[in-house]
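Working notes, beginning with the structure itself.
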Amino acid sequence: MATKFQRAKRTKAVSKVSEHTMKRSGSMLDSKGSRQTTNQAPPSKKAPENNCDDVNMNGKHTTIEDNLPVEKMSDGERVAILDFGAQYGKVIDRRVRELRVQSEMFPLNTTARHIQELGGFKAIIISGGPNSVYATNAPMIDPEIFTCGLPVLGICYGFQLMNKLNGGSVSREQVREDGACEIEVDNSALLFNGLQPTETVLLTHGDSVSQATVAPGFKIIAKSGHHVA
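Residue numbers for the sequence shown follow UniProt numbering, so the first one is 1 and each next one is one higher.
In structure tokens form, the structure reads like this:
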């Protein structure tokens, strides 16, 4: 995982979220300039060879229904989820709502300006997806998402794209990571406060960011072997 400090354009890179939050790879960008890590909810099935997930992307803007009454949500807290086709999209939505925060899902081509014009959003989550960042016609994102002043959490493809767009690179591994994996965590980092030095998470990906290919200014606070976690 990775964190970066830049005033006013802060970005936190995250690759995996603990069982307390979401189990999976990703990254978080702080609007004040810092990238950090978490773990995320596990996908429901094994991904295809190319990258993170096997699911069709759709362009609908939807608000996922949840059994958590809206009146129990925190006032003024709202998260935008950009859907790159993750099969666990509803899991992300549910995890956010379990924290009493409202969430809305948007198609991947949603602009930062549109989110800002809607108003009320405190953070953005970029989901994973079945693509590789180097594939022909790979899905892209509005670059202003990373400079709009909101914290951004990138998961799997979202994290890899974030790393690439900020000057890092992504590589295809000969051996995939699928299933339960143990990661090392820097629990002195704010995002990992209260976690153990090692955590078991569910992973499924073939593309990776290594310690040598992390974007400039990113600080690694979690890893799986030589991979940024």
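Quick reminder that beta carbons are idealized off the backbone N, C-alpha and C, glycines included.
As the structure is a computational prediction, the values presented were derived from the model and not from experiment.
Alpha-carbon to alpha-carbon, residue j and residue i
i    : j    : result
N137 : F146 : 21 Å
V133 : L161 : 6 Å
P130 : K164 : 17 Å
D186 : K223 : 9 Å
V173 : D207 : In the sequence under discussion, the amino acid at residue 173 is Glu, which differs from the Val named in the question. In a straight line, the C-alpha of E173 is about 6 Å away from that of D207.
C181 : F106 : 30 Å
I141 : T111 : 8 Å
Q87  : D93  : 12 Å
A82  : I221 : Here the sequence assigns Leu to residue 82, which means Ala is not the residue at that position. So the two alpha carbons sit approximately 24 Å from each other.
P43  : E199 : With a pLDDT of 40 at P43, under the threshold of 50, the predicted position of this residue should be treated as unreliable, though the coordinate-derived value follows. Spanning the two alpha carbons is a distance of roughly 17 Å.
P143 : I115 : 13 Å
K219 : L195 : 18 Å
G217 : F192 : 19 Å
E184 : A215 : 20 Å
I210 : S188 : Checking the displayed sequence, the identity of residue 210 turns out to be Ser instead of Ile. The straight-line gap from Cα to Cα measures roughly 21 Å.
N56  : L190 : The pLDDT assigned to N56 is 33, lower than 50, so where the model puts this residue is not dependable, and the model offers no usable value.
R113 : L99  : 26 Å
H227 : G89  : 24 Å
G168 : V101 : 32 Å
R176 : V170 : 14 Å
N109 : P197 : 37 Å
A212 : E77  : 36 Å
A135 : E104 : 28 Å
N166 : C148 : 15 Å
P139 : F84  : 8 Å
F159 : E117 : 25 Å
Contact belief for residue i with residue j at Cβ below 8 Å, rounded distance in angstroms
i    : j    : result
Y157 : G119 : Incorrect: roughly 27 Å between the Cβ atoms, too far for contact.
V96  : V79  : 5 Å
G179 : L202 : 7 Å
Any non-hydrogen atom of the ligand SAH closer than 6 Å to residue i Cβ
i   : result
I92 : Among the ligands in the structure shown, none appear at all, so the ligand SAH cannot be discussed.
Point to revise | Entirely enclosed beta strand (DSSP E) segments - the UniProt domain "Glutamine amidotransferase" (81-225), minimum 3 residues | key: 102-107, 123-126, 152-155, 171-185, 198-208, 222-224
Check your understanding: Counting pairs of Cβ atoms below 8 Å between the segment 113-125 and the segment 151-170, do you hit three or more?
Key -> yes
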